[in-house]
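Enquirer: I'd like to ask some things about the structure below.
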Amino acid sequence: MIQPKIIENIAQRFEIAHNSLYLTEPTCFAKLTNATNEYSESMQSHRFDKEANKHVQFSVYIFLARYKKDFSVGGRFIFTDVENKKRKNVIIDPKVGRVLVYSSGSENTHLIENIASGHLLFLTLSFTCDKDSVLSLK
Numbered sequence: 720m721i722q723p724k725i726i727e728n729i730a731q732r733f734e735i736a737h738n739s740l741y742l743t744e745p746t747c748f749a750k751l752t753n754a755t756n757e758y759s760e761s762m763q764s765h766r767f768d769k770e771a772n773k774h775v776q777f778s779v780y781i782f783l784a785r786y787k788k789d790f791s792v793g794g795r796f797i798f799t800d801v802e803n804k805k806r807k808n809v810i811i812d813p814k815v816g817r818v819l820v821y822s823s824g825s826e827n828t829h830l831i832e833n834i835a836s837g838h839l840l841f842l843t844l845s846f847t848c849d850k851d852s853v854l855s856l857k
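Numbering (my numbering), first residue to last: 720 to 857.
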């Protein structure tokens, strides 16, 4: 199972106890295309995950599509520095199986570029340290 490996990675990277991390919402499969909808618009604007979901402390993307293979032009995950302009953008090209782990606060403002054609598939996992925000898997 992949979830324990991801939890261990987050715990090591951010120096927290692995038993204090819990899967939470939003956790979902996503498909972005060139069609515009509320979800794609939110992904394609500058945002940080904790802004929309206060309980999310760590975010994980697992890419299930290849840049310039499954979609053309766009689709890259870009960390942007909109707060203080001290660092350059960091661009992540999607690759099948690539796992992206980051803290969910304003220090990691990001967006996903608009896609011209094709589709970008990915799995989003959100983690919290708040026991009251644990994802119910009923």
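For each residue, glycine too, the CB sits at the ideal point set by N, CA and C.
Only a predicted model underlies this, so the values are computations on that prediction, with no experimental measurement involved.
For the region 789-799 against the region 837-851, are there 3 or more C-beta pairs whose distance is under 8 Å?
Expert: yes
Enquirer: Can you tell me whether PRO723 is buried or exposed, with buried defined as 16 or more other CB within 10 angstroms of its CB?
Expert: Within a 10 Å sphere around the beta-carbon of PRO723 sit fewer than 16 other beta-carbons, which makes this residue exposed.
Enquirer: How big is the Cα-Cα spacing for ARG785 and ILE735?
Expert: 32 Å
Enquirer: Assign GLN731 to one of two classes, buried (16 or more other C-beta atoms within 10 Å of its C-beta) or exposed (fewer than that).
Expert: Around the beta-carbon of GLN731, fewer than 16 other beta-carbon atoms lie within 10 Å, marking it exposed.
Enquirer: Could you check what DSSP says for PHE733 in three-state terms: helix, strand or coil?
Expert: helix
Enquirer: Alpha carbon to alpha carbon, how far is VAL853 from TYR741?
Expert: The straight-line gap from Cα to Cα measures roughly 6 Å.
Enquirer: Whose C-alpha, out of ILE834, SER822, ALA771 and LYS850, is nearest the C-alpha of PHE798?
Expert: SER822
Enquirer: In whole angstroms, what separates the C-alpha of ILE831 from that of ILE811?
Expert: 10 Å
Enquirer: Residues in its own chain within less than 8 Å of PHE733 by CB, not counting five upstream and five downstream?
Expert: PHE777 and SER822
Enquirer: Please state whether DSSP places GLU770 in a helix, a strand or coil.
Expert: Looking at GLU770 - three-state DSSP - the assignment turns out to be helix.
Enquirer: Grab me the residues of LEU842's own chain with a C-beta within less than 6 Å of its C-beta, minus the 5 sequence neighbours each way, in chain order.
Expert: PHE748 and ILE781
Enquirer: Alpha carbon to alpha carbon, what distance is there between LYS788 and VAL815?
Expert: 11 Å
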